[in-house]
Amino acid sequence: MRHDKLVHVLLLGCTLAGANRDAPAAWSTVGPLAEATATSDQARFATASGAIVLVSFITADVVHVRMSPGEPGREMSYAIAAPQHPLAITMRDADADGRIVLSTQAARSARVIIQTRPQLAITVFDGKGGLVLADDAARPMAMDPATAAIEVSKQRDTSELYYGFGEKAMPLSRHQQYLTMWNSDTPKYAPGLDPLYQDIPFFIALRQGASYGLFFDNTYRSYFDMGKTDPARYTFGASGGELDYYVFTGGDSRSPANVLRDYSALTGRTPLPPLWSLGYQQSRYSYTPDARVREIGHEFRARHIPADVIHLDIDYMDGYRVFTWSPKDFSEPQKLIGDLATVHFKVVTIVDPGVKVDLNYPIYRDGRERGVYVRNAAGDELHAAVWPGECAFPDFTDAAARAWFGSLYGAFLDLGVAGFWNDMNEPATFPPQRSDEPILAHDPGKTFALDARHAGDGAPGTHARYHNVYGMQMARSTFEGIAKLRPERRPLVLTRAGYSGVQRYAAVWTGDNVASWEHLALTIPMLTNLSISGVPFVGADIGGYAGSPSAELYARWLQAASLTPFFRTHAEIGSADREPWSYGPEFERINRATIELRYRLLPYLYTLFAEHEANGDAVLRPLWFEYPADVRTYLLDDQFLLGRDLLVAPVLVSGAVQRRVYFPQGDAWIDWWNGARHQGGTFADVAAPLDRLPLFVRAGAAVPVQPAIEHTDQMSGVPLTLLVALGADGHSHLFQDAGDGYGYRNGESRNVQIALYRNALSLRAESARSASRRVQRIGFVEFLGLDAAPKRVSIDGRIVRDFSFDAATRRLRVGTSGDNVREILLER
Ligand code: GLC
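Offset between the sequence shown (1-based) and this note's numbering: plus 19.
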């Protein structure tokens, strides 16, 4: 029995999605309640249409809703990190208006109100009774029996903004945008092109300082119309599967940080990366032959430009066969990698999913015998062209295929390869050659046929169902393969495609961007939104992949990227040389200083990653995320925060030597370069000559820095300096450990707690259980933002004479005797 049949036509996004477009749907709505039942931890509502709606509470602040057009299937998700244990629920019978109230027994629990007629509809309230979101009564939950599509609309306050959604070349807030989730190989994407490589169907909403989050866990092609069709509602749906989503109320404070913590508790966090992977990485398509790779490594060291990693793009292989080496250009890989190791370079190699169909190629044959490749609808091995020509593709949704592919990394690890870069895993294929037509960004021939078959880890399904998780499951195969082969080391995996949960396995970069100022500016909304989509280890190709940046563009891009998590220059084949020294001595000096700045800040960046793993906090943050009460931050897309304490305002415009900076309300900020103080809630025009990245430290913060070393192996033993920004009280934290391995999970790490109160600083170091060789002592404290030298400096009551004050930078430098200091007191 179907009620209120409602027909409407889906508005299409502005993509050229070809045959993948969402077909017009003939919607049947969910109908009124037929029967409500509940187990201890789940409410179940059967509706007149036959649809089933399940509601549970993952925590008191996280509501899980599942609408299935028929009897719900087994719960299956690639996004969720671990089985969930929903809380016990209470359910009150329907009142006179037909409303059922659901909640938990927690003191402050989210509440769900089910409107039972004329259509079943859901409203979620936070623990204090504030409205979070409500179904739009005019557009109830609906499904299209002919196509299996499903969707729902929520009421929208027209001032509500939306952030997240993974990788989108869109403005900072995605309100009034139509977004499609379908991982796509989109080289040289123009701003606005959608979708791109990586899709994460999670967003954080912000309305008058209060936020909430929504995660639509559906791996089919899906869409979010965030008020584009009608500003008074937003709609999300998919071409198949269930309407399975989580609402994160943000807890009592309704803060974005709470939303992200809860989302990352559900979908997982990035384990602490190896320290070296936070260093500078140099790449191009391709450094070849091996002599050129050696030369690059030696140039860095000869010129004293810090770096840790060189990437080998596809030309190192033999005819692009994965896990092989070109006998001509890379005839002695072990020697090459060993030589680079002597100058402290790590090697990362690209590994694509396509396995060349070649009966003389043992890896292909092995995979074929094991039956690990994706099959077409007819049940034969699916073949499609990529770099090597005709390829077969491991079915990464099959545990056996993942284990097999993961084991292949062993040979490369034995040679000394340190990390792996998974590309083309949307999956991307080359469409059949058609000389008379251009290849469109979203040509359906650029991936597998939608009816190709996947194992789905026990829930077999079509490519239409599993396309969006192919990339993250490849990254998982890589991560788990390396973890098994080298359990004592932390894997570095880089992936181009992903879905919610990809952060458990890999860092992510934003694919084939363009060497233009416009693309440089785009990196800030792209990377900050990816970051608050739960993926902390993010970066963009420095200089822009396609084309050749001018010296100025490259220098400015390097500056902007130097305080983003994944820090790599990469360039397309045929582009001009793009090493930090490629633009002459003056730019070499500037670029060296930029990379040195990054290395100086590594102790801070590393601590942020440790904090991310511990509690889900973002490393890179848009300003609104920390300052949700300050509306001037909501659309601010040319500045970002690294952690809570560093405000970065890169130059994004050609020829500019100063720029306007906004200082968010609630904190004061000290200029890194000259110690000038800026009150929160103000704008300032700051000087930004070519060799300066405008950078500010939050008053009250203590930021750990080190001298400008040349690679991360030099960190052990180097004393740290704490940069303390005076002007507010505050607490900071420093994390240290061996830089690799898992000793830190057994207490082999050290935390230093730092407190600033008035003009007094105190340090409290936990003793490391096994004092690891990496522990760096705090040798100095530098106080920022002083107008004049203090009258007296004392440490634990003892007057200190050896301090120095630099009037130009307004910095006071004090030597400390140890890591446990009750009080460094400045008398002014
Ligand atoms: C893809 C990648 C790019 C790489 C190229 C060759 O375009 O996005 O980074 O250089 O393939 O492997």
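Heads up, the beta-carbon is just placed ideally off N, CA and C, and yes, glycines get one too.
DSSP state of residue i mapped onto helix, strand, coil
i, result
"W440", "strand"
"E846", "strand"
"L624", "helix"
"R130", "strand"
"W688", "strand"
"Q578", "helix"
"H402", "coil"
"Q733", "helix"
"T199", "strand"
"E801", "strand"
"A65", "strand"
"K207", "coil"
"I369", "strand"
"P450", "coil"
"A633", "helix"
"R832", "strand"
"A595", "coil"
"R523", "helix"
"A827", "coil"
"P220", "strand"
"I814", "strand"
"D334", "helix"
"K375", "strand"
"D838", "coil"
Option nearest residue i by Cα separation, candidates the options
i, options, result
"V266", "M245, H83, D371, R288", "H83"
"R320", "E729, I108, Y489", "E729"
"L671", "F415, I543, S178", "I543"
"K810", "T652, W201, L845", "L845"
"V488", "P510, E445, P683, H461", "E445"
"Y239", "F802, A540, D470, T361", "D470"
"G804", "D821, P275, A747, Q61", "A747"
"R175", "F715, G246, P210, G464", "G246"
"E179", "L150, L279, A703", "L150"
"M491", "L427, L459, A526", "A526"
"H473", "R509, A808, R394", "R394"
"G851", "Y97, Q103, S96, L73", "Summary: the structure shown does not reach residue 851, with the chain confined to residues 20 through 847, and so no result is reported for it."
"V521", "S75, A100, I71", "A100"
"T254", "Q658, W423, A826, L198", "L198"
"D263", "A53, Y97, L739", "Y97"
Start and end residues, alpha helix (DSSP H) containing residue i
i, result
"I77", "First-last for I77: 71-78, but that is the beta strand (DSSP E), not the alpha helix (DSSP H)."
"M493", "482-504"
"P381", "381-389"
"W423", "418-434"
"A321", "309-322"
"T583", "Counting along the chain, T583 falls outside any alpha helix (DSSP H), and DSSP gives it neither H nor E."
"V278", "275-286"
"A113", "Per DSSP, A113 belongs to no alpha helix (DSSP H) and is neither H nor E."
"D589", "Sequence check: residue 589 is His here, not Asp. First-last for H589: undefined, no H or E at that position."
"F606", "604-619"
"L541", "536-550"
"F848", "Since the first and last residues shown for the chain are 20 and 847, residue 848 lies out of range."
Any chain D beta carbon closer than 8 Å to residue i
i, result
"I333", "Note that chain D does not occur in the displayed structure, where there is just one protein chain."
Delimiting residues of the beta strand (DSSP E) encompassing residue i
i, result
"D358", "Per DSSP, D358 belongs to no beta strand (DSSP E); it is in the alpha helix (DSSP H), 352-361."
"H752", "749-756"
"E445", "Counting along the chain, E445 falls outside any beta strand (DSSP E), and DSSP gives it neither H nor E."
"F342", "Unbroken run through F342: none, as it is neither H nor E."
"L775", "768-776"
"R252", "252-257"
"K147", "Careful: K147 lies outside any beta strand (DSSP E) and carries neither H nor E."
"F715", "714-717"
"T740", "739-744"
"E170", "168-174"
"R783", "779-784"
"R679", "677-682"
Whole-number beta carbon distance between residue j and residue i, since they are thought to touch under 8 Å
i, j, result
"D433", "V391", "Contact flag wrong, Cβ pair sits at about 22 Å."
"L582", "V667", "5 Å"
"I614", "A574", "Not quite, the Cβ-Cβ distance comes to about 11 Å (not below 8 Å), so this is no contact."
"Y306", "R515", "The Cβ separation is near 19 Å, so there is no contact."
"R288", "G635", "6 Å"
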